[in-house]
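Down below is the structure, laid out as C-alpha cells.
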Amino acid sequence: MTAVSALVVCVSTTMRYQNRTNMDLFRASREVIPGGVNSPVRSFQSVGKPPVFISHAKGCQVFDVEGKSYIDYIGSWGPMILGHANNEIVQALQKAVKYGTSYGLPTPIECELAELVCELIPSIEMIRMVNSGTEATMTALRLARGFTGRDRVIKCAGCYHGHADSLLVEAGSGATTFGHPSSPGIPERLAHLTEVAQFNNLASFETIFHEYPHDIAAVIIEPVAGNMGVVAPLSGFLEGLRKLCDEHGTLLIFDEVMTGFRVDRGGAQALYKIQPDLTTLGKILGGGMPVGAIGGRREIMSRLSPLGPIYQAGTLSGNPMAMTAGLKALQMLRVSNLYEILENLSADLEKGLLQRAEAARLPIRINRVGSMMTVFFSEDEVVDFGTAKKSDLGAFSRFFTEMLNGGILLPPSQFEAWFVSGAHADMHIRKTLDVAEKAFKEI
Ligand code: KE4
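Take 0 as the starting number for the sequence shown in numbering that gives the first Met the number 0 and just add one per residue.
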C-alpha cells in the first residue's frame, strides 16, 4: 500500500466515524468489541442506557460525539485529579513524544518518578512500574506469596483489586455491578486460596486467622473502599489489621490504586497513619496514561527479578510517555494546595446534595473521603458491602439518568466513586446541585 493510499484509507476511516450519533457508534462497536466497550463499567448497561461516546475533554468537562457537554465526575475512574487535558501535562507529552515513545530500555525519568513516589509515600523504599492497577495487585500477591512461602490471601467482599484470577472473588466495581462478583473461568483450586472477610469487621479477619494461623501470605485491602461505593474505614479497623498481620507474619498490602495521591498526597496511609508492607498504585500515578506500580519495604521488593527470583516483567513498563505524564502530575500535586481546594469543593457538594435530598424527602447517605464520594440511595449507614448492596438500585438508575439529561455525568453504577478534580470550580458545583435538586424531585 502506497503512502497516498494509506492516507486515503485513514481519512476515509476517520470520516466514516464523523457525524455519527452515540447510538450509531454503539451499534458499530458492539459488532467488534464485547458489549461495545473495552471495560464493562463504561457500558452504562447497569443504568439501562446506551453509553455516551466521547470526542474530547477539557478541565472538568467531557464532550460527546453529538456535541453535548457534561460536568464529569467519572474523571476516567480516578486519574484525572488535575482535570482533563491539563495544559502542563499535554505540553510535557508533546515535548517528550518527539524523542520516541518506548525503548524497552531504562531511562532517567523512570528513576526520577520512582524517587518522587518514595518521597511522597515513605513506606515505599523501592517501586516497580507496571501498566495497570491489575498488574500491580497481581504482582503484589505473587511477591507476598513468594516472600512468605504461603499460598492463602485475604481480601474483603466488595473490594475490587483489578481482574487477576485470585482477586476476582466477591469483587466489587463492575464485577458486582454486572452480577458476577466471583467470575467464571477461575479454577476452584485457585479461588479457594482466597479467603473473604468483611470490610470494617475485624472479627471476620480474626476468624480466618484463627483457622489458618500460619498460612496467610497477605491481607490485601483498599484502605478506603471505593468499589462498593465509597466506604471509609471505621476507627481502629486499619490499626487492627496491622496488628493482626504483625502477629501472624502476614504482609499487609494497601491497594491504593484509587486512593493513592487522591485522598492525600501520601495516600490513605498518610491520612490514617498506618504503614503497610506493600502498596499498589495506579490511576493518578500515570497522569492519565497507563501506569500501575507495586512498592514497599526494600527486603520484600528486593525479591523481584532480576534482583531476586520472583518474576515480573512488562514490555511497556516505565515507558517514557507514561512516566512523563505521571511525573508532571505528581510534581504539580507535590507543591499545590489542591487537596485543601478539593476538600472545600467536595464538602460543598456533599452538603448541598444532602440538603436537597432532605427537601425532597428522599433517603440518601453520602460517604466521602476528600474528593472521592458516593451517594447511596439507602436509609441506612453504609459501612460494608452488605449495607452497600441494600441501596435502591432503581432509584440510583433514575437519578443517574436525570443527572445525565441535565448535563452531569456520574459513574454509571451505585458501586463506584464520584471524583471531584482541581478543574471543578464553585460554578460547576452549583450547576450540579441545581440539576440534582430537580432530579431528587423527579425520581
Ligand atoms: P486497572 O487494572 O483498571 O488499572 O486497576 C484495577 C484496580 C485496582 N485497584 C483498585 C482499588 C481499583 O479501583 C482498580 C480499578 N478501578 C475501576 C473502577 N472502580 C476501574 C474502572 C474500570 O474497571 O474500567
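Using N, Cα and C, we set each Cβ at its ideal position, and we do this for glycine too.
So, for Tyr310: in the same chain, excluding its five sequence neighbours on each side, which residues have a beta-carbon less than 7 angstroms away from its beta-carbon?
Mapped onto the sequence shown, residue 310 falls at position 311. Closer than 7 angstroms at Cβ, skipping near neighbours: Ser304.
Taking Asp254 as part of the beta strand (DSSP E), name the residues at either end of that continuous run.
The count along the sequence shown starts at 1 and reaches residue 254 at position 255. Start and end: Leu250 to Asp254.
What does a CB cutoff of less than 8 angstroms around Val40 pick up in its chain, not counting 5 residues either side in sequence?
One-based indexing of the sequence shown puts residue 40 at position 41. These residues qualify, in order along the chain: Trp76, Ser172, Gly173, Thr176, Pro410, Pro411, Ser412 and Glu415.
Counting by C-beta, which residues lie closer than 5 angstroms to a heavy atom of the ligand KE4, in chain order?
Here the list is Ser38, Val40, Trp76, Ser131, Gly132, Thr133, His160, Gly161, Ser172, Glu221, Asn226, Asp254, Val256, Met257 and Gly281.
At which residue ranges does the region 319 to 374 contain complete alpha helix (DSSP H) runs of 4 or more residues, listed in the order of the chain?
Fully enclosed alpha helix (DSSP H) runs of 4 or longer: 319 to 334 and 337 to 358.
What does the alpha-carbon distance come out to for the pair Ala231 and Asn18?
In the sequence shown, residue 231 corresponds to position 232, counting from 1. In the sequence shown, residue 18 corresponds to position 19, counting from 1. Cα to Cα, Ala231 sits roughly 44 angstroms from Asn18.
According to DSSP, Ala422 sits in a beta bridge with which residue or residues?
Looking up residue 422 in the sequence shown gives position 423. Answer is none; Ala422 lacks a bridge partner.
Could you tell me which residues DSSP puts in a beta bridge with Gln481?
Only positions 0 to 442 of the chain appear in this structure, which leaves residue 481 out of reach.
Identify whether Met288 lies in helix, strand or coil by the three-state DSSP scheme.
The residue you call residue 288 lines up with position 289 of the sequence shown. Three-state DSSP puts Met288 in coil, outside helix and strand.
Could you name each continuous alpha helix (DSSP H) segment of 4 residues or more that falls completely within the region 168 to 216, going from the start of the chain to the end?
Counting whole runs of 4 or more residues, the region 168 to 216 contains the alpha helix (DSSP H) stretches 172 to 176, 187 to 190 and 201 to 210.
What are the start and end residues of the beta strand (DSSP E) that includes Ile70?
Working through the sequence shown from its first residue, we reach residue 70 at position 71. From DSSP, the beta strand (DSSP E) with Ile70 extends over Ser68 to Asp71.
Does the region 332 to 346 come within contact of the region 126 to 145, defined as at least 3 CB pairs closer than 8 angstroms?
Touching, no.
Hey, Glu109 and Met322 are a contact pair by Cβ (cut 8 angstroms); roughly how many whole angstroms apart?
Mapped onto the sequence shown, residue 109 falls at position 110. Mapped onto the sequence shown, residue 322 falls at position 323. Going by Cβ atoms, the distance from Glu109 to Met322 rounds to 5 angstroms, so yes, they are a contact pair.
Distance check for Leu408 and Asp433, CA to CA, integer angstroms please.
The residue given as residue 433 occupies position 434 in the sequence shown. The residue given as residue 408 occupies position 409 in the sequence shown. If you take the alpha carbons of Asp433 and Leu408, they lie about 14 angstroms apart.
Can you tell which of Thr133, Arg149, Gly287 and Phe146 has the C-alpha that lies nearest to the C-alpha of Met79?
For the purposes of this step, residue 79 is taken as residue 80 along the sequence shown, with counting starting at 1. Among Thr133, Arg149, Gly287 and Phe146, the Cα nearest to that of Met79 belongs to Gly287.
For the alpha helix (DSSP H) that Cys117 lies in, which residues bound it at each end?
By one-based count along the sequence shown, residue 117 stands at place 118. Pro107 to Leu119 is the extent of the alpha helix (DSSP H) around Cys117.
Take Ser377 as the anchor and find which of Lys57, Lys389 and Asn366 has the nearest alpha-carbon.
Position 378 of the sequence shown holds residue 377. Out of Lys57, Lys389 and Asn366, Lys389 has the C-alpha closest to the C-alpha of Ser377.
Determine, using beta-carbon pairs with one atom in the region 142 to 153 and one in the region 198 to 218, whether at least three such pairs fall under 8 angstroms.
The region 142 to 153 is in contact with the region 198 to 218.
So Glu380 and Arg355 are supposed to be a Cβ contact under 8 angstroms. How far apart are they, rounded?
Locating residue 380 in the sequence shown gives position 381, where the first residue counts as 1. Locating residue 355 in the sequence shown gives position 356, where the first residue counts as 1. Actually they are not in contact, since the Cβ atoms of Glu380 and Arg355 sit about 20 angstroms apart, beyond 8 angstroms.
Mapping the DSSP letters down to three states, classify Ile469 as helix, strand or coil.
Missing from the structure shown is residue 469; the chain here goes from 0 to 442 and no further.
Taking a contact to mean a Cβ-Cβ separation below 8 angstroms, would you say Ile428 touches Leu348 in this structure?
In the sequence shown, the residue the question calls residue 428 occupies position 429. In the sequence shown, the residue the question calls residue 348 occupies position 349. Yes. Within cutoff.
Assign His55 to buried or exposed, taking buried as 16 or more other Cβ atoms, counted over all protein chains shown, within 10 Å of its Cβ.
For the purposes of this step, residue 55 is identified with residue 56 of the sequence shown, where counting begins at 1. Per the 10 Å Cβ criterion, exposed.
Kindly indicate the opening and closing residues of the beta strand (DSSP E) around Thr386.
Working through the sequence shown from its first residue, we reach residue 386 at position 387. Here Thr386 belongs to no beta strand (DSSP E); instead the alpha helix (DSSP H) covers Phe384 to Ala387.
Using 8 angstroms for Cβ pairs, my map puts Pro289 next to Ser131. What's the rounded Cβ distance?
Along the sequence shown, read from residue 1 onward, the residue named residue 289 stands at position 290. Along the sequence shown, read from residue 1 onward, the residue named residue 131 stands at position 132. 6 angstroms between Cβ atoms; contact.
Is the number of C-beta pairs between the region 243 to 250 and the region 91 to 100 that are closer than 8 angstroms three or more?
Counting Cβ pairs under 8 angstroms, fewer than three are found: no touch.
Between the region 181 to 196 and the region 45 to 62, can you find at least three pairs of beta-carbon atoms closer than 8 angstroms?
These segments do not touch.
Just curious, the beta strand (DSSP E) that Met128 is in, first and last residue?
As a first step, residue 128 is located in the sequence shown; it is residue number 129 there, counting from the start. Taken as a continuous stretch (DSSP letters only), the beta strand (DSSP E) holding Met128 covers Met125 to Val129.
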